[in-house]
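Remarks on the structure that follows.
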Amino acid sequence: KVYTRNAYGIRGHVEAYVAAFDKFWNLALEDCFEVWSRKVKKKAPAVGPDAVRVEPAEKDVPKVIVKKIEGKMETLERHVPQMLLRGEQVAIIVKIN
Numbered sequence: 001k002v003y004t005r006n007a008y009g010i011r012g013h014v015e016a017y018v019a020a021f022d023k024f025w026n027l028a029l030e031d032c033f034e035v036w037s038r039k040v041k042k043k044a045p046a047v048g049p050d051a052v053r054v055e056p057a058e059k060d061v062p063k064v065i066v067k068k069i070e071g072k073m074e075t076l077e078r079h080v081p082q083m084l085l086r087g088e089q090v091a092i093i094v095k096i097n
C-alpha cells in the first residue's frame with residue numbers, strides 16, 4: 001500500500017504489487033487499485049452547438065467510480081493494470097499481507 005500526497009496533504013492510496021523502484025522512489029506498480037479524494041467540481045451545462053468534436057480513445061481508459069460524496073469532498077476509486085508513480089508523490093509505503 002502506497003500513500004500518495006498532493007500539495008496540501010495525503011491525496012489517497014494505491015494497493016499494488018511493486019515491480020520496480022529506483023533511488024528517487026519512482027515506482028513501477030502492477031495490478032493497481034487506487035483510491036483518492038478531491039473537491040467536488042460543479043460543471044456548467046454546455047450551451048450552443050458542439051464546438052469541439054472528440055474522437056473516442058483507441059485504448060481502454062480505466063473507469064473511475066465515485067464511491068461517496070461528503071460535503072465538498074468526493075472519494076473516487078479505479079483499477080489500473082500498470083502504473084508508474086513518481087517518487088515526489090510518495091508519502092509512505094506500507095507492507096500489507
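What the sequence shown shows, in the working numbering, is residues 1 to 97, in sequence order. Even for Gly, the Cβ is constructed at its ideal location relative to N, Cα and C.
Under the three-state reduction of DSSP, Glu55 is assigned to coil, being neither helix nor strand. Proximity of the segment 24-31 to the segment 64-71 falls short of the contact definition, fewer than three beta-carbon pairs being nearer than 8 Å. From the listed residues Thr75, Pro49 and Tyr8, the smallest Cα separation to Glu34 is found for Thr75. DSSP, read as helix, strand or coil, puts Gly71 in coil.
Across the set Glu55, Val90 and Ile65, the C-alpha of Val90 shows the shortest separation from the C-alpha of Arg11. The beta carbon of Ile65 sits closer than 6 Å to the beta carbons of Glu77 from its chain, once the five residues preceding and following it are set aside; these are given in chain order. In the DSSP assignment, Gly12 is bridged to Thr4 and Trp36.
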